[in-house]
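*Asks:*
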Amino acid sequence: MGGKKKVNTKYKAAKAFSSSKKSGSAGRLNAWGWCWVAVSLYLLFSFFTFSLRVSEGGDDSTYIIRALMLLKEGQFPSYQGPLYPAVLSLFLLPFGFSLGLLKISSWIFLTAALVLFFKAFHNKVSNLALRGTILMLVVNHHFLYFASQTYSEAFFMMLQGLFVLMVLDLIKNRPHSFGWTNNVKLAFLIFLLALTRTIGIAALPALLTYFLFRRQYKDGLIVTLVLSAFILVFLTLKFYIWELSPLAGGQVQSLLYRNPYHSSLGNETFGGFLMRFVGNANSYLSKHFIIMVGLKPALSLTQQPWVTFLLFMFFFTGLTRFMRKNLSLLFIGFYLLFLLGATFFSLQTLWDQSRLIMPYFPFMVLFLSETFVSYTTLSGYKIIRKLPLLILALCFSLSLAQTLRQTDFSAIGKQLSGNRYYGYTPDWENYLKMAEYISRELPRESYVACRKPNMARIYGRGKPFHGIYTLPTQDPDSLLGLLKDAGVTHILAAHLRKNPRYNSGQIINTVHRYINIIAQKYPNVFILRMAMGSTESAGLFEIDYEALNSASQKENPPHE
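Heads up, the sequence shown is in our numbering, so the first residue is 50 and it goes up one at a time.
#1: So, helix, strand or coil for Arg102, using DSSP?
#2: With DSSP as the reference, label His225 as helix, strand or coil.
#3: Measure the Cβ-Cβ separation of Ala347 and Gln451 and say whether it is below 7 Å.
#4: Could you compute how far the alpha carbon of Phe227 sits from the alpha carbon of Leu208?
#5: Which whole-angstrom value describes the C-beta separation of Leu350 and Ile220, a residue pair presumed to lie in contact below a C-beta threshold of 8 Å?
#6: Counting only runs of 3+ residues fully inside the region 549-585, write out the beta strand (DSSP E) ranges in chain order.
#7: What three-state label does DSSP hand Arg616 in the structure shown?
#8: State the DSSP-derived secondary structure class of Asn375, mapped to helix, strand or coil.
#9: Tell me which residues share the same chain as Ala251 and place their Cβ nearer than 7 Å to its Cβ, disregarding the 5 neighbours each side in the sequence.
#10: With a Cβ-Cβ cutoff of 7 Å, do Asn316 and Thr398 count as a contact?
#11: Our contact map puts Asn479 next to Glu595 with C-beta atoms below 8 Å; I'd like the distance itself, whole angstroms only.
#12: For Leu589, which of helix, strand or coil comes out of DSSP?
#13: Answer with buried or exposed for Asn57, where buried requires no fewer than 16 other C-beta atoms within 10 angstroms of its C-beta.
#14: Can you look up His190 in the DSSP assignment and give me helix, strand or coil?
#15: Less than 6 Å between C-beta atoms, sequence neighbours within five positions excluded: which residues of the same chain meet that for Glu499?
#16: So, at 7 Å on beta carbons, what are the nonlocal neighbours of Ile592 in its own chain, with the 5 sequence-adjacent residues on each side left out?
#17: Decide yes or no for the touch test of the region 126-146 against the region 170-186: beta carbon pairs closer than 8 Å, at least 3 of them.
#18: When you compare only the Cα positions, how much space is there between Phe590 and Ala568?
#19: By the 10 Å Cβ neighbour count, where 16 or more other Cβ atoms means buried, how is Trp400 classified, buried or exposed?
#20: Looking at the structure shown, is Val342 part of a helix, part of a strand, or coil, going by DSSP?
#21: Please report the straight-line C-alpha distance between Gln455 and Glu490, rounded to a whole angstrom.
#22: By the 10 Å Cβ neighbour count, where 16 or more other Cβ atoms means buried, how is Leu270 classified, buried or exposed?
#23: On the DSSP letters alone, give me the boundaries of the beta strand (DSSP E) that Gly516 sits inside.
#24: Determine which residues share a DSSP beta bridge with Leu541 and list them.
#25: Sort Leu238, Tyr424, Ala196, Leu186 by Cα distance to Ser154 and report the nearest one.
#26: Buried or exposed: where does Arg493 fall if 16 or more other Cβ atoms within 10 Å of its Cβ makes it buried?
#27: Are the beta-carbon atoms belonging to Arg326 and Phe394 less than 7 Å from one another?
#28: So, under 8 Å CB-CB, Leu438 and Ser418 are touching, yes? Tell me the CB distance rounded to an integer number of Å.
#29: Given a threshold of 16 other Cβ atoms within 10 Å of its Cβ, counted over all protein chains shown, does Leu597 qualify as buried or as exposed?
#30: Output yes or no for whether 7 Å exceeds the beta carbon distance between His544 and Asp476.
#31: Tell me which same chain residues have a C-beta within less than 7 Å of the C-beta of Gly509, skipping the five on either side of it?
#32: Using 10 angstroms around the beta-carbon of Ser72, count the other beta-carbons present and answer buried if the total reaches 16, otherwise exposed.
#33: The beta strand (DSSP E) with Ala498 in it runs from where to where?
#34: Identify whether Asn172 lies in helix, strand or coil by the three-state DSSP scheme.
#35: Do you know how far the Cα of Thr247 is from the Cα of Phe338?
#36: CB-CB under 6 Å to Gly516, same chain, minus the five flanking residues each way: which ones, in chain order?
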């Protein structure tokens, strides 16, 4: 007829990622080839980024110590979610304290999370978006970091994977009613998420919003009632077994303060929470998320509000589109909306740590990728249809390059050979060596106060340390009284860097200020017993309470 040939506007995924358009043995070979590439990359990079060190952040060692105290003393693991320390205690029970084994458990949890992530979205999103996301994750050192750290992220991601897999399968197979049994299971998984990380409770409004959109009112009522029953039973057991009130723990209260380290400033205002949302959204989206996908250097500190705005607009564009196109991604959109929203509203802006959004990072990448794919699929221009592939390939390459730059490939070998301190900066090496010295040389009944007691306890072979986190008063007698009442015999004062990236001369000086206030009135009460390191050193001071008594008698002589 002489007319133009009709352009085929159906989306054709790139050969590197797609096998859905192929059939027979070629398609299966392509699928298996992609799988083996992903598995090989994951095993390779998770091994070389595996670290036997305890993180300087301190939360990972805190989880371990809470697990030990639960196991040995029956002490309830308060403040943060109690479930993860309880799970760690199960590893401690048969094998005793083994830092390596505890870290391997995190690798198992993260591996399970990856598998569940793939199963949850297989045949529910495009091969390009799913495979591109997974390939980026398996070479991403920000993600792989949690395969060897006893933070709760890997365990939470595994539970999250179970929850999302179940919801998406029910959306596909039972789109009108999930059924009583399935709703009970979902309520239990939300309960477990909340026990692992308090923010996990936001999974409930995410699910209820989906039920409301689909008019599954009965499902929403069942999940809410069953979850309430689980929480009520838990709080009752907590009260009768450990004699703890429902509000015991302190984490929620610390979120309500204007400054978690200065409670005297009072609670945050409504306007303050709005400012938190804006500040956190800008920090976690325009800085941390962009770093995590490889589009910024790993150590970048810059924030761009326009990037945050664009990500918000693109997210809501996808959410609107998936209301008609993909119910599975619609639920993921609601999940991200509530989990990230609650995170941005509740977190103190000064915490500013990428790990606080890491559990949602895979969903963020997949959701944005599939949004892009859905808008370019029907384009009549080949270059437009290839844009998602090009962007994912770019993020994969940049993440890989970032991982290669940030990874010390000799570290795991040196740590396995017995060098416990390899990779620490001198300030931390001196601090941890002093903790080991204390456990080896001081009498068993000695009790040492320091800034990072849980890290000290791990490197001090389980010896308990007393924590000094704040300066509760400026009165020297009161400060000494707190130490004496706690049974403290020594103080470990270390020059820990305020900026861990380099030695600026500024240190975390809480302990030094504590000592200085007392020493101004009682100059002979602290006796230096040991110093570790010539620069950025750690000092061990014995508290001479007898000198304190002598000083008090001279100041206030007895009346005749």
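All C-beta atoms in this analysis are idealised placements derived from N, C-alpha and C, irrespective of residue type, glycine included.
*Replies:* For this structure:
#1: Residue numbering aside, residue 102 sits at position 53 when the sequence shown is read from its first letter. If DSSP states are grouped into helix, strand and coil, Arg102 belongs with coil.
#2: Counting from one through the sequence shown, the residue named residue 225 turns up at place 176. His225: coil per DSSP, three-state reduction.
#3: Walking along the sequence shown from the start, residue 347 turns up at place 298. Walking along the sequence shown from the start, residue 451 turns up at place 402. Yes, Cβ-Cβ distance for Ala347 and Gln451 is below 7 Å.
#4: Sequence index remark: in the sequence shown, residue 227 carries index 178 (1-based). Sequence index remark: in the sequence shown, residue 208 carries index 159 (1-based). About 19 Å.
#5: The count along the sequence shown starts at 1 and reaches residue 350 at position 301. The count along the sequence shown starts at 1 and reaches residue 220 at position 171. With 8 Å as the limit, Leu350 and Ile220 do not qualify as a contact, their Cβ atoms being about 40 Å apart.
#6: 575-581
#7: This structure cannot settle anything about residue 616, because the visible part of the chain is limited to 50 through 609.
#8: Here residue 375 refers to the residue found at position 326 when the sequence shown is read from its first residue. Looking at Asn375 - three-state DSSP - the assignment turns out to be coil, as it is neither helix nor strand.
#9: Position 202 of the sequence shown holds residue 251. Cβ neighbours of Ala251 beyond the five flanking positions: Phe387, Leu388, Ala391.
#10: The count along the sequence shown starts at 1 and reaches residue 316 at position 267. The count along the sequence shown starts at 1 and reaches residue 398 at position 349. Result no, Cβ atoms of Asn316 and Thr398 do not sit closer than 7 Å.
#11: Walking along the sequence shown from the start, residue 479 turns up at place 430. Walking along the sequence shown from the start, residue 595 turns up at place 546. Not really, about 29 Å apart at Cβ, beyond 8 Å.
#12: To locate residue 589, count along the sequence shown from 1; it is residue 540. Leu589: strand per DSSP, three-state reduction.
#13: Here residue 57 is taken as the residue at index 8 of the sequence shown, counted from 1. For Asn57, the predicted model reports a pLDDT of 41, less than 50, meaning its position is unreliable; a value from the coordinates is still stated below. The residue in question, Asn57, is exposed, as its Cβ has fewer than 16 Cβ neighbours within 10 Å.
#14: Along the sequence shown, one-based indexing puts residue 190 at 141. Helix, per DSSP.
#15: Locating residue 499 in the sequence shown gives position 450, counting from the first residue. In the sequence under discussion, the amino acid at residue 499 is Cys, which differs from the Glu named in the question. Ala505, Phe514, Leu541.
#16: Position 543 of the sequence shown holds residue 592. Same-chain partners within the cutoff: Leu532, Val537, Thr538, His539, Ile540, Val574, Phe575.
#17: no
#18: One-based indexing of the sequence shown puts residue 590 at position 541. One-based indexing of the sequence shown puts residue 568 at position 519. Cα to Cα, the separation comes out at about 12 Å.
#19: Position 351 of the sequence shown, counted from the first residue, corresponds to residue 400. Trp400 comes out exposed.
#20: As a first step, residue 342 must be located in the sequence shown, where it is residue number 293. Correct three-state label for Val342: coil.
#21: In the sequence shown, counting from the first residue as 1, residue 455 sits at position 406. In the sequence shown, counting from the first residue as 1, residue 490 sits at position 441. So the alpha carbons of these two residues sit roughly 37 Å apart.
#22: The residue labelled residue 270 in the question sits at position 221 within the sequence shown. Exposed.
#23: Position 467 of the sequence shown, counted from the first residue, corresponds to residue 516. That run of the beta strand (DSSP E) goes 514-516.
#24: As a position in the sequence shown, residue 541 is number 492, starting the count at 1. Answer is Leu589, bridged to Leu541.
#25: Numbered from its first residue, the sequence shown carries residue 154 at position 105. Nearest C-alpha to Ser154: Ala196.
#26: On the sequence shown, position 444 is the one that residue 493 refers to. Arg493 is exposed by the Cβ-count criterion.
#27: Taking the sequence shown and counting its residues from 1, the one referred to as residue 326 is at position 277. Taking the sequence shown and counting its residues from 1, the one referred to as residue 394 is at position 345. Residue identity check: residue 326 is Phe in the sequence provided, not Arg. Yes, they are a contact pair.
#28: Position 389 of the sequence shown, counted from the first residue, corresponds to residue 438. Position 369 of the sequence shown, counted from the first residue, corresponds to residue 418. Incorrect: roughly 10 Å between the Cβ atoms, too far for contact.
#29: Residue mapping note: residue 597 aligns to position 548 of the sequence shown, counting from 1. Leu597 should be labelled buried.
#30: By 1-based counting over the sequence shown, the position of residue 544 is 495. By 1-based counting over the sequence shown, the position of residue 476 is 427. Result yes, Cβ atoms of His544 and Asp476 sit closer than 7 Å.
#31: Here residue 509 refers to the residue found at position 460 when the sequence shown is read from its first residue. Around Gly509: Ala484, Glu485, Ile487, Ser488.
#32: The count along the sequence shown starts at 1 and reaches residue 72 at position 23. The predicted position of Ser72 is uncertain, since its pLDDT is 44 and thus under 50; a value taken from the coordinates is nonetheless stated next. Flag for Ser72 reads exposed.
#33: On the sequence shown, residue 498 is found 449 positions in, with the first residue counted as 1. From DSSP, the beta strand (DSSP E) with Ala498 extends over 497-499.
#34: Within the sequence shown, residue 172 is the residue found at index 123, counting from 1. In this structure, Asn172 counts as coil in the three-state DSSP scheme.
#35: Along the sequence shown, read from residue 1 onward, the residue named residue 338 stands at position 289. Along the sequence shown, read from residue 1 onward, the residue named residue 247 stands at position 198. Roughly 22 Å between the two C-alpha positions.
#36: What you label residue 516 is simply residue 467 of the sequence shown in a count that begins at 1. Answer for Gly516: Pro502, listed in chain order.
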